[in-house]
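Peer 1:
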Amino acid sequence: MAAASGGCLSLWREENDGLAGRWRRSPPRRVEKAAGWEKQSAPQCQRAFRHLLQKIQGLPAVPPALPLELTILCNSLQFDLALPSDSNEKLLARIDYGLSRVLEARAVPGQGLSSEDRWRKVLQQGTPEELQGPLHQLAALQCLLWLAENHLGAVEGLCRQLCGAKDPGQPLRSSCENELLSLLQGWRPADAGESDPLVVQSARDLRDVLWTSAAFLQGFQELGAGHHAAALAFLQAAATGLCSKRVLAQIFTLMGCCNLKMRKPQTAIQCLKQALQVDPSFVPALYQAALLYRHLGLVGAELEALALLCQALDGSTQTAAASLNQTPLVGVELFVCTPQLRAFFGQTSPSEVKYLLARRCLQAGRAKEAAEHYLDLLALWQEGPLHQGFLHGELALPGVPEVFLEAASALEEVARHQDAIAVCEEVVGRTSRLIPKRLQVDLGSSTQEDGWGTSLAQPERESLHCVLWRAAAYLLQGCARARLGEAKEAISLSSRCLQDLLRIQFVNTGSRGTEEDGAPLAPPEAEVLRQTRQLALTVRGVAFLELGREKEALMDFQHSLHFCPESPAAHWYLLHTLWKLDRRQEARAHWHRFRANPGLMEEEAERRRGMPIIDLAIPDWLQRAPWLFPATPNRCPG
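Its first residue numbered 1, the sequence shown is counted upward by one per residue in the UniProt record's numbering.
Next comes the structure, spelled out in structure tokens:
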């Protein structure tokens, strides 16, 4: 029996060394064009090692077989970690079973023990030299799995046992003072000798992966807790460890966030630049850089970062594969990919970034670039479904009609009138069937109150948004027709806009949603409605002027100022119309009142711009739209 067992051990040793040797000679950097290595040789090795482990564990546990059995177990576990097919609980159970067989071979009872107690018994019994390497390798895998489960206390306890009599207080690779990192720094795993079974990845490599992962995760936890200085120290320590380029880019990005929280924006920029030097296509670093440039008011740099972000997303598949090829079988990325980190770095699609780039160009006054980006975005939506959910720190895409309205505004600003009309027609088509004949918005029956005042019930809010969206589309079409010289069509479209707005009535039948004086507390949509009505009346008045219908134009301008007395454009047009009607005395009186208000004497380009859209408040891009009124008078009455 012993001879048969010895013959089997020789065959199994040869099989183990053959599998491990082939893997080490052909690392995962050699990728098949048709499919990645993870779909080819790695699963084959995973199955082979599992089968080999089943064979050796099919015999009773005996001391001579333990070094080979534990090595095969470690090799098998490494492939299971790299190609997860079992849960961490099952992998931990396999380690427990391996330790039970060590105790069984030594005739030491181990029934009912916890994992920590089982390790304590194994290490207290004294470790033969031939078991030093396999046990330290298995301990590293145990610690990595505990780390992934956030059991830092268990990891620290096992590392303390593994260090034994060694001094754990050796200096760290950084200024980060931490007991776990100190213990890992002092742990010296035994090197595998030439006569030992071959391993896929050494215990020292696994220890280094553990050290970097522990520093990374603790740094991220401290960042989430608001301890930015401590987080930065951990992350600086992690940056000195063994990891792939992608993980190093993540570390530098988090360091940038720490520095920004510590009000060190220039240092944060340097950290993000380091992240992009390591991995030029790392999307979160590009996005964080864009946010930081926005914070600093560097519009050109922000837009450049967003453009690079779009390019990186276009090649994200190839980039991810290239990054994967450069990682070891068991790398840091396997243990730092927690749900919290995934949520922080986020996932996005080209359409989301393209929208953000288009919107920021429009806000920055780069209407021509914005129009092109919006058209690219609409083309992307024609190719596939719309993906929601944006990177950490930014709102997701707004409603589809709202994006169409922004696109139409950009197109109209660069005088692409027919394109703007066509885009607005899409909004009309998407919203018309959802608009009620009458919409009474009860401010007193709001479901909750938020920072803006009143939060309407969801169905009521959706109907309100649809009405406002279609009214906005009609208004934009009216502006485009006016600029094309089609005054009658402009009047018709502006009137449709006003008719839609008349569908909405704000009432307050309850005790909630009132201001201090008892008046109804209006939601932000009420302000959008007010400005949309004012703009529609002014646009229609301009069209009446074009047709020589000064009295009707005057009435619209007066109504416009009733709804929005702070509108400089409406004041200018009212003065112009009074002068044309030879009502000079009224014009002069109005001019003196107009001059008495410094806020109304600003340039017309300082007005709120464009077309109202729906958000929690009047959107940022409603500023500076010289295209809205095609013939604003530039001469004051004498």
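Heads up, the beta-carbon is just placed ideally off N, CA and C, and yes, glycines get one too.
#1: Can you list, in chain order, the residues of its chain with a C-beta nearer than 7 Å to that of M601? Leave out the 5 residues immediately preceding and following it.
#2: With a cut-off of 8 Å on the beta carbons, I'd call W146 and L184 a contact; round off their distance for me.
#3: Using 8 Å as the cut-off, can you tell me whether the stretch 52-64 makes contact with the stretch 84-92, which would need three or more C-beta pairs spanning the two stretches below that distance?
#4: DSSP has I504 in a bridge; who is on the other side?
#5: Just the C-alpha distance for K166 and W187, rounded to the nearest angstrom, thanks.
#6: Consult DSSP for Q201 and reduce its assignment to one of helix, strand or coil.
#7: Would the beta-carbon of A237 fall within 8 Å of that of F252?
#8: What does the Cβ neighbour count give for R47, buried or exposed, with the cut at 16 atoms within 10 Å?
#9: Would you check if the distance between the CB atom of C271 and the CB atom of A231 is smaller than 8 Å?
#10: Would N88 pass as a contact of E156 if the rule is Cβ separation under 8 Å?
#11: Near N16, which residues of its chain fall below 6 Å by C-beta distance, leaving aside the five closest residues on each side in sequence?
#12: May I have the straight-line CA-CA distance separating V247 from S463, to the nearest angstrom?
#13: Just verifying my parser: in three-state terms, what is the DSSP assignment at R207?
#14: When you compare each of S195, A239, A215 and G478 to E489 by their alpha carbons, which one comes out closest?
#15: Three Cβ pairs or more, each shorter than 8 Å: is that satisfied between the stretch 464-476 and the stretch 427-441?
#16: Hey, which unbroken runs of the alpha helix (DSSP H) at 4 residues or more fall wholly within the stretch 119-188?
#17: Counting Cβ pairs, one atom from each stretch, are 3 or more of them under 8 Å apart for the stretch 103-117 and the stretch 304-311?
#18: May I have the straight-line CA-CA distance separating D279 from A249, to the nearest angstrom?
#19: Take V122 and list the residues in its own chain whose beta-carbon comes closer than 6 Å to its own, dropping the five residues that flank it on each side.
#20: Taking only three categories from DSSP, how would you classify H227?
#21: Please identify the residue among D556, E566 and F563 whose C-alpha is closest to the C-alpha of L574.
#22: Within this structure, are the beta carbons of R483 and E406 separated by less than 8 Å?
#23: Taking the alpha helix (DSSP H) that R430 falls in, what are its first and last residues?
#24: Is S213 near V336, with beta carbons less than 8 Å apart?
#25: Given a threshold of 16 other Cβ atoms within 10 Å of its Cβ, counted over all protein chains shown, does V403 qualify as buried or as exposed?
#26: Shortest alpha-carbon distance to K273 belongs to which of F506, Q288, T240 and K261?
#27: Could you give the uninterrupted runs of the beta strand (DSSP E) lying entirely in the stretch 520-545, keeping only those of 3 residues or more?
#28: Please say whether L77 and W12 have beta carbons closer to each other than 8 Å?
#29: Verify the contact flag: L375, CB atom, against every heavy atom of the ligand ATP, threshold strictly below 7 Å.
#30: Taking 8 Å as the threshold (C-beta atoms), are Q137 and V199 in contact?
#31: Is DSSP giving L434 helix, strand or coil here?
#32: What separation, rounded to the nearest whole angstrom, lies between the Cα atoms of C159 and D205?
Peer 2: Reading it off the structure:
#1: The pLDDT assigned to M601 is 48, lower than 50, so where the model puts this residue is not dependable, and the model offers no usable value.
#2: Incorrect: roughly 13 Å between the Cβ atoms, too far for contact.
#3: no
#4: L439
#5: Summary for K166: the model assigns pLDDT 42, below 50, so the residue's position carries little reliability; its value from the coordinates is reported in the next sentence. Near 8 Å, if we compare the C-alpha coordinates of W187 and K166.
#6: coil
#7: no
#8: exposed
#9: no
#10: no
#11: I72 and P197
#12: 46 Å
#13: helix
#14: G478
#15: yes
#16: 129-148, 152-163 and 179-186
#17: no
#18: 6 Å
#19: L99 and V102
#20: coil
#21: D556
#22: no
#23: H417 to T431
#24: yes
#25: buried
#26: Q288
#27: none
#28: no
#29: Ligands displayed in this structure: none; no statement on the ligand ATP is therefore possible.
#30: yes
#31: helix
#32: 15 Å
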